[in-house]
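Asker: One structure coming up, written as structure tokens, with questions to follow.
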Ligand code: GRF
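In my numbering, the protein residues as written are 72 to 290.
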């Protein structure tokens, strides 16, 4: 894996929509002068608003529309080839609304990172905020994790917990968690860029020189 002395860490970012996590990551990296290079932003949706933002920022962008492919496997193979053209150290899923096939996950094993809007292993899948409110949990939040074959599982790198308020609506809770995502994902990308995160099959995830991998967000 790349270390700072080998040049900036290379990231490909995959998006499908708004791309607010991508925006926060890129802006923080620029402000902080991290050894990070965003070598390609790829969207499977041609009209993704995040794509327009990235283009306006002068970032290299690409569209690979899943609708142009006859199967998940064919799309994933083309996507993987496209990603590999940019020789990334890590592939960041940032609101990429596709389930990835085992072959894709295997190809980027231990280099594929995702953010999920819940405190995994609670609430994998969709509609996490609705389900958290229905379950009556006191804490909700988000998780940055390494992607494995099992959807929304895989070794946890960091989590941010958000208190659920008695007057929370789905919208207010979603907004609070999104703000936490905007803190957590850039933090993890900074660790990745600095070579502080090690992922391997036997030891799982280790993060060096980091005081706190679990954030508590007050509201
Ligand atoms: C975020 O809530 C993320 O956790 C989930 O999809 C949403 C994407 O938002 N996977 P954005 O595109 O980054 O604004």
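For every residue, glycine included, the Cβ atom is placed at its ideal position computed from N, Cα and C.
Thinking residue 235 and residue 210 are a contact (beta carbons under 8 Å), I'd like their distance in whole angstroms, please.
Answerer: As a first step, residue 235 must be located in the chain shown, where it is residue number 164. As a first step, residue 210 must be located in the chain shown, where it is residue number 139. Indeed, because the Cβ distance is near 6 Å, the residues count as touching under 8 Å.
Asker: Is the beta carbon of residue 150 less than 9 Å from the beta carbon of residue 113?
Answerer: As a first step, residue 150 must be located in the chain shown, where it is residue number 79. As a first step, residue 113 must be located in the chain shown, where it is residue number 42. Yes; because the gap between Cβ atoms is below 9 Å, this pair is in contact.
Asker: Excluding sequence positions up to five away, which residues of its chain have a Cβ less than 6 Å from the Cβ of residue 137?
Answerer: Working through the chain shown from its first residue, we reach residue 137 at position 66. Hits under 6 Å: 115 and 146.
Asker: Any chance the CB of residue 143 is under 8 Å from a heavy atom of the ligand GRF?
Answerer: As a first step, residue 143 must be located in the chain shown, where it is residue number 72. Taking non-hydrogen atoms of the ligand GRF into account, the C-beta of residue 143 is found less than 8 Å away from none of them.
Asker: Measure the CB-CB distance between residue 109 and residue 84 and report whether it falls below 9 Å.
Answerer: Looking up residue 109 in the chain shown gives position 38. Looking up residue 84 in the chain shown gives position 13. Yes.
Asker: In whole angstroms, what is the alpha-carbon distance linking residue 231 and residue 281?
Answerer: Stepping through the chain shown from its first residue, residue 231 is reached at position 160. Stepping through the chain shown from its first residue, residue 281 is reached at position 210. Rounded to whole angstroms, residue 231 to residue 281 spans 15 Å at the Cα level.
Asker: Would you kindly check if the distance between the Cβ of residue 215 and the Cβ of residue 184 is under 9 Å?
Answerer: What you label residue 184 is simply residue 113 of the chain shown in a count that begins at 1. What you label residue 215 is simply residue 144 of the chain shown in a count that begins at 1. For residue 184 and residue 215, yes; Cβs fall inside 9 Å.
Asker: So, helix, strand or coil for residue 91, using DSSP?
Answerer: Translated into the one-based positions of the chain shown, residue 91 becomes position 20. DSSP places residue 91 in helix when its eight states are reduced to three.
Asker: Check whether the Cβ of residue 164 sits closer than 8 Å to any heavy atom of the ligand GRF, and report yes or no.
Answerer: Residue numbering aside, residue 164 sits at position 93 when the chain shown is read from its first letter. Within the cutoff, so yes.
Asker: Output needed for residue 191: all residues of its chain with C-beta closer than 8 Å, excluding positions within five of it in sequence on either side, in chain order.
Answerer: Taking the chain shown and counting its residues from 1, the one referred to as residue 191 is at position 120. If we look at residue 191 and ignore the five residues flanking it on each side, its Cβ neighbours are 214, 216, 223, 224, 227 and 230.
Asker: Drop a sphere of 10 angstroms on the beta-carbon of residue 239, count the other beta-carbons inside from all chains shown, and report buried for 16 or more, exposed for fewer.
Answerer: Position 168 of the chain shown, counting from 1, holds the residue named residue 239. Flag for residue 239 reads buried.
Asker: As a quick exercise: from 269, 202 and 220, pick the residue whose alpha carbon is nearest that of residue 241.
Answerer: On the chain shown, position 170 is the one that residue 241 refers to. The residue with the shortest Cα to Cα distance from residue 241 is 202.
Asker: Label residue 172 either buried or exposed according to how many other C-beta atoms from any shown protein chain fall within 10 Å of its C-beta, with 16 as the threshold for buried.
Answerer: Mapped onto the chain shown, residue 172 falls at position 101. Buried: at least 16 other Cβ atoms inside 10 Å.
Asker: Between residue 92 and residue 193, which are expected to be in contact by the criterion C-beta below 8 Å, what is the C-beta distance as a whole number of angstroms?
Answerer: Taking the chain shown and counting its residues from 1, the one referred to as residue 92 is at position 21. Taking the chain shown and counting its residues from 1, the one referred to as residue 193 is at position 122. Residue 92 to residue 193, Cβ: 20 Å. No contact.
Asker: Does the beta-carbon of residue 201, which I'm using as the reference point, lie nearer than 8 Å to any heavy atom of the ligand GRF?
Answerer: For the purposes of this step, residue 201 is taken as the residue at position 130 of the chain shown. Answer for residue 201: no, Cβ out of range of the ligand GRF.
Asker: Quick check on residue 73: does DSSP put it in helix, strand or coil?
Answerer: The sequence position of residue 73 within the chain shown is 2, counting from 1. Unreliable placement is indicated for residue 73, whose pLDDT of 48 sits below 50; the coordinate value is still reported in the next sentence. Correct three-state label for residue 73: coil.
Asker: Does residue 285 pass the burial test, meaning 16 or more other C-beta atoms within 10 Å, or should it be called exposed?
Answerer: Numbered from 1 along the chain shown, position 214 holds the residue referred to as residue 285. It counts as exposed.
Asker: Who pairs with residue 214 in a beta bridge, going by DSSP?
Answerer: The count along the chain shown starts at 1 and reaches residue 214 at position 143. Partner(s): 187 and 230.
Asker: Out of 81, 179 and 279, state which residue places its alpha-carbon closest to the alpha-carbon of residue 131.
Answerer: Residue numbering aside, residue 131 sits at position 60 when the chain shown is read from its first letter. It is 81.
Asker: Does DSSP classify residue 181 as helix, strand or coil?
Answerer: Taking the first residue of the chain shown as position 1, residue 181 is located at position 110. In the structure shown, residue 181 sits in coil (DSSP, three-state: anything other than H, G, I, E or B).
Asker: How would you label residue 126, buried or exposed, when you count the other beta carbons within 10 angstroms and need 16 or more for buried?
Answerer: The residue given as residue 126 occupies position 55 in the chain shown. With fewer than 16 Cβ atoms within 10 Å of its Cβ, residue 126 is classed as exposed.
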